[in-house]
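The opening position of the sequence shown corresponds to residue 4 in our numbering, with each subsequent residue numbered one higher.
The beta-carbon is built from N, C-alpha and C at its ideal position, and this holds for glycine as well.
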Amino acid sequence: MPLLVAAISAWLWRALHNSASHLLPFVLTLGLIFLGFSGLGISIWPHIIPPGITLWQAAAPPQSQGFMLVGALLILPVILGYTFWSYYVFRGKVQHGEGYH
Numbered sequence: 004m005p006l007l008v009a010a011i012s013a014w015l016w017r018a019l020h021n022s023a024s025h026l027l028p029f030v031l032t033l034g035l036i037f038l039g040f041s042g043l044g045i046s047i048w049p050h051i052i053p054p055g056i057t058l059w060q061a062a063a064p065p066q067s068q069g070f071m072l073v074g075a076l077l078i079l080p081v082i083l084g085y086t087f088w089s090y091y092v093f094r095g096k097v098q099h100g101e102g103y104h
């Protein structure tokens, strides 16, 4: 894992200084974030669920899962509606080539 982080960091450093494209540094940064969370998961994996507990015993009760499902089904349309509305409000405000330099 540390070798992958070092390799992607070096590749990202070169991409930031040599590339005119913004896609490669973005993808490499996503890779570093993924590797960071993967390393965290790998380091605490033995302590996540004790070996004497099955996955079904560690799961939340069906009532809690149902409550979360109802909450997600109610809030998701609100989030999507706000996102579509904000894109509608700000459409055409910035032309191609404008923005951060």
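Buried is the label assigned to L15, since at least 16 other Cβ atoms lie within 10 Å of its Cβ. I52 is classed as exposed because its beta carbon has fewer than 16 other beta carbons within 10 Å across all chains shown.
No Cβ-Cβ contact shorter than 9 Å links M4 with L58. Boundaries of the alpha helix (DSSP H) harbouring P5: 5-21, taken from the DSSP string. At a Cβ-Cβ threshold of 9 Å, M71 and A62 do not count as neighbours. Put simply, the backbone Cα of L6 is about 13 Å away from that of G34.
Apart from sequence neighbours up to five positions away, the residues of its chain that approach S41 with a beta-carbon distance below 8 Å are M4, ordered along the chain.
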